[in-house]
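These notes concern the structure reproduced below.
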Amino acid sequence: MWQDGQDHAKAGSPPVVELSRCPAAENCTDSSSWTIMGRADDKNATGCAASACYALFPRVEGGAPDQIGVMWMDDRLGAPLDHTNGWNVWYRTSTRGGLDWKGPSVRVSQYDPSRTESKPNGFLFPYGDYEGIDLRDGGTHAVMIWGEGHNYTGGPDAPGHVVYRTIAT
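With this note's numbering as the guide, the letters of the sequence shown map in order to residues 179 to 347.
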């Protein structure tokens, strides 16, 4: 799982989340053994005209054979789309090793009016690149943790928060 610019001919191209895999019998330290499976994010499906929003900080976790869960942050719900609001954590799962996905991504992050960085359309900014995912109960649940903030640095006037959530896969 990695992030990459969606247009290599354009500097500053908005990032996307890509998935690659290496068969178990191959030498996975050799880049020629890896195959690009395609995009894991679906940010262009809703709210992200021309994929102009950013998809960042991908994480992947394996479960049962060929089951993977992926999470990432993107700002597809930003209004305006200026990369300083509308950030959310998204989740997708595949039972075929990333060949295809079980439906569209699910918004994991939720509005919490008790936190000043949390807004109805998402949080203001990723608080660091701290994320984690674990598939539990035979892959039927995903436990995720991430940071939400006002900006990248936080501080007493703009605190960030670490948030976690469990969802059914």
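Quick reminder that beta carbons are idealized off the backbone N, C-alpha and C, glycines included.
As the structure is a computational prediction, the values presented were derived from the model and not from experiment.
In whole angstroms, give me the CA-to-CA distance for residue i and residue j.
i, j, result
"C206", "S198", "11 Å"
"V194", "P337", "28 Å"
"Y232", "A187", "17 Å"
"D290", "S210", "45 Å"
"M249", "V284", "9 Å"
"A202", "D315", "24 Å"
"A240", "Y269", "Sequence inspection shows Gly at residue 240; the Ala mentioned does not correspond to that position. Cα-Cα distance, rounded: 13 Å."
"I323", "G332", "18 Å"
"P334", "R217", "38 Å"
"Y330", "V341", "15 Å"
"M215", "D182", "14 Å"
"L255", "D185", "22 Å"
Is it buried or exposed for residue i, if we count other Cβ within 10 angstroms and need 16 for buried?
i, result
"G276", "buried"
"T344", "exposed"
"P192", "buried"
"Q288", "exposed"
"G190", "exposed"
Check whether the Cβ atoms of residue i and residue j lie closer than 9 Å to each other.
i, j, result
"E295", "R237", "no"
"A204", "W180", "For the record, residue 204 in the displayed sequence is Glu; it is not Ala. It is not a contact, given that the beta carbons lie outside the stated cut-off."
"H339", "R293", "yes"
"T271", "T347", "yes"
"W265", "D278", "no"
"A242", "G317", "yes"
Between residue i and residue j, how many whole angstroms is the CB-CB distance? I'm expecting something under 8 Å.
i, j, result
"P304", "F235", "6 Å"
"V321", "D307", "Between D307 and V321 the Cβ distance is about 18 Å, and since that is not below 8 Å, they are no contact."
"D349", "T273", "One cannot answer for residue 349 here, as it falls past the ends of the chain, which runs 179 to 347."
With distances taken from CA atoms, which of the options is nearest residue i?
i, options, result
"K221", "D244, G316 and V267", "V267"
"A230", "S209, D312 and L259", "L259"
"G325", "W279, G300 and Q181", "G300"
"K280", "D219, G183, M179 and D208", "D219"
"N263", "L302, D244 and G241", "L302"
"G327", "H319, K297, D315 and G316", "K297"
"G247", "G183, G190 and V286", "V286"
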